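>
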Amino acid sequence: MPRPDRRFYAQTQAFGRFGIRWFDTQIMPKEHFHGHIELNWLTAGDMDYVIDGHEVLVPSQRLVMFWAGIPHRTLDVRRGPGGESKQCNVYLPLDTFLHMPNLGKLTDTMMGGGVVALPSGTISTEILERWYDDYRSGNAERGDLLRAEIAIMLRRASLTGWDELLPPWIEAVTPTTKSATPLRYVVAMIKHILEHLNDPLRSQDIASVVGLHPNYALNLFTSVMNVSLHKFVVRMRLIRARALLFEGNLSIETVAYSSGFTALSQFYEQFRNAYGITPREMRAHYLHQQ
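Going by numbering that gives the first Met the number 0, the first residue of the sequence shown is number 0, and it counts up by one from there.
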């Protein structure tokens, strides 16, 4: 991963860095959560997850994905006939996933707490091992290709479908909803933010979408996401801006305003704080690598 991205994701645990790891499948002593869409692959056997109280059986030889921001834990593991089951986990940063275009129902399913198994043949142990080599290489171009392959895989899955291991259970929330869990309120706020990223996003307007007092909504969002509402909005706008920098010949000013920033000076300040370089320097670096 390029160093500017390392700095970007090191600032908060709300959005974990991209990563891949192979390990011996193991039982987790307690539940945890982190800022990724997580993809699991077992070479053999199967395992039992519990995700916010919902039990899920994870099979082998199928790529299983879920939103790891929901507390989860491995309860039991069956390592297959030879007892040599290996597990590969791919950790896709939540903000990267939410920015991916044309995923449609797959995004809604993940943010709704669903757990899905992608179709058989989507991936293989050999491809995951190559992905791991790309990830460990430290080569920026190989890393870019790796993430592009993952994005294409997920877009294909959005067209061909998947098997639901756990149907989405986080229901929609509206201003007239009398009560809901904190997670449901936060998911509704995230959806509103993503749909109106180019618009002014005042905290009171976002809170009104779920019918909550602004102060309560802000505290609720921070407690669930481990990042403030303001920082989340800025993060998603920066992700969009970074993508736009590499698409076509848009001016820096157009990139800023198309990403929801209202002032060019504000855009430069936020971008430099996040990535350690200016938008113009990042574009020049990217073009130099081509």
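For each residue, glycine too, the CB sits at the ideal point set by N, CA and C. Just so we're clear, the structure is a prediction, and the values are computed from it rather than from any experiment.
Would residue 205 and residue 237 qualify as a contact pair, given that the criterion is a beta-carbon distance under 8 Å?
Reading the sequence shown from its first residue, position 206 is the one you call residue 205. Reading the sequence shown from its first residue, position 238 is the one you call residue 237. Not in contact: residue 205 and residue 237 (Cβ atoms no closer than 8 Å).
> What three-state label does DSSP hand residue 1 in the structure shown?
Sequence index remark: in the sequence shown, residue 1 carries index 2 (1-based). Because residue 1 sits at a pLDDT of 47, beneath the cut-off of 50, its placement in the model cannot be relied upon, and the following sentence gives the value as read from the coordinates. Residue state, collapsed to three classes: coil.
> Do you know how far the Cα of residue 148 is from the Cα of residue 124?
On the sequence shown, position 125 is the one that residue 124 refers to. On the sequence shown, position 149 is the one that residue 148 refers to. Approximately 15 Å, taken between the alpha carbons.
> Could you say if the segment 70-78 and the segment 43-59 meet the contact criterion of at least three C-beta pairs nearer than 8 Å?
Touching, per the Cβ criterion.
> Taking the CB atoms as reference points, tell me whether residue 63 and residue 57 lie closer together than 8 Å.
Against the sequence shown, residue 63 aligns to sequence position 64. Against the sequence shown, residue 57 aligns to sequence position 58. Their beta carbons are under 8 Å apart, which means residue 63 touches residue 57 by this criterion.
> How far does the alpha helix (DSSP H) with residue 221 in it extend, from its first residue to its last?
Position 222 of the sequence shown, counting from 1, holds the residue named residue 221. Start and end: 213-224.
> Can you name the residues that DSSP bridges to residue 116?
As a working note, residue 116 is residue 117 in the sequence shown. DSSP lists 63, 162 as partners of residue 116.
> Is residue 193 helix, strand or coil when you go by DSSP?
Position 194 of the sequence shown, counted from the first residue, corresponds to residue 193. In the structure shown, residue 193 sits in a helix (DSSP, three-state: H, G or I).
> Are residue 134 and residue 36 touching if we call contact CB-CB under 8 Å?
Residue mapping note: residue 134 aligns to position 135 of the sequence shown, counting from 1. Residue mapping note: residue 36 aligns to position 37 of the sequence shown, counting from 1. Not closer than 8 Å, so no.
> Could you check where the alpha helix (DSSP H) with residue 172 kicks off and where it finishes?
Counting from one through the sequence shown, the residue named residue 172 turns up at place 173. Premise fails: residue 172 is in no alpha helix (DSSP H) and is neither H nor E.
> If you reduce the DSSP assignment to three classes, tell me which class residue 201 lands in.
As a position in the sequence shown, residue 201 is number 202, starting the count at 1. Looking at residue 201 - three-state DSSP - the assignment turns out to be coil, as it is neither helix nor strand.
> Decide if residue 284 is buried, meaning its Cβ has at least 16 other Cβ atoms within 10 Å, or exposed.
As a first step, residue 284 must be located in the sequence shown, where it is residue number 285. Its Cβ having fewer than 16 others within 10 Å, residue 284 is exposed.
> CB of residue 171 to nearest heavy atom of the ligand MG: below 7 Å?
Annotation note on the ligand MG: not contained in the displayed structure, which lists no ligands.
> Below 8 Å, can you find three or more Cβ-Cβ pairs linking the segment 142-162 to the segment 100-108?
Yes, since at least three Cβ pairs between the segment 142-162 and the segment 100-108 fall closer than 8 Å, the two stretches touch.
> Taking the beta strand (DSSP E) that residue 74 falls in, what are its first and last residues?
The count along the sequence shown starts at 1 and reaches residue 74 at position 75. Per DSSP, residue 74 belongs to the beta strand (DSSP E) from 71-77.
> Nearest by alpha-carbon distance to residue 87: which of 55, 51, 132 is it?
On the sequence shown, residue 87 is found 88 positions in, with the first residue counted as 1. Of the candidates 55, 51, 132, the one whose C-alpha sits nearest the C-alpha of residue 87 is 132.
> From 105, 182, 21, 211, pick the residue whose C-alpha is nearest to that of residue 224; which is it?
If you number the sequence shown from 1, residue 224 lands on position 225. Nearest of 105, 182, 21, 211 to residue 224, Cα basis: 182.
> In angstroms, rounded to a whole number, what distance separates the CA positions of residue 189 and residue 94?
Working through the sequence shown from its first residue, we reach residue 189 at position 190. Working through the sequence shown from its first residue, we reach residue 94 at position 95. For residue 189 and residue 94, the distance between alpha carbons rounds to 11 Å.
> How close, in whole Å, do the beta carbons of residue 27 and residue 72 come, if the pair is a contact with beta carbons under 8 Å?
Numbered from 1 along the sequence shown, position 28 holds the residue referred to as residue 27. Numbered from 1 along the sequence shown, position 73 holds the residue referred to as residue 72. Correct: roughly 5 Å between the Cβ atoms.
> Just the C-alpha distance for residue 280 and residue 66, rounded to the nearest angstrom, thanks.
Walking along the sequence shown from the start, residue 280 turns up at place 281. Walking along the sequence shown from the start, residue 66 turns up at place 67. Rounded to the nearest angstrom, the two C-alpha atoms are 33 Å apart.
> Excluding the 5 residues flanking residue 105 on each side, which residues of the same chain have their C-beta closer than 8 Å to its C-beta?
Counting from 1 along the sequence shown, the entry for residue 105 is found at position 106. Answer for residue 105: 115, 153, 156, 157, 161, listed in chain order.
> Please return the same chain residues whose Cβ sits closer than 6 Å to the Cβ of residue 1, not counting the five positions on each side in sequence.
For the purposes of this step, residue 1 is identified with residue 2 of the sequence shown, where counting begins at 1. Caution is warranted here: a pLDDT of 47 is assigned to residue 1, below 50, making its placement in the model unreliable, and the coordinate value is therefore given only provisionally. Hits under 6 Å: 139.
> Could you say which of 271, 84, 55, 246 lies nearest to residue 22 if we only look at CA atoms?
Taking the sequence shown and counting its residues from 1, one reaches residue 22 at position 23. It is 84.
> Identify whether residue 22 lies in helix, strand or coil by the three-state DSSP scheme.
Working through the sequence shown from its first residue, we reach residue 22 at position 23. Residue 22: strand per DSSP, three-state reduction.
> Pull the bridge partners of residue 370 from the DSSP assignment, please.
Past the boundaries of the shown model lies residue 370; the chain is included only from 0 to 289, so the question cannot be answered.
> Reducing DSSP to helix, strand and coil, say where residue 229 ends up.
The count along the sequence shown starts at 1 and reaches residue 229 at position 230. Looking at residue 229 - three-state DSSP - the assignment turns out to be helix.
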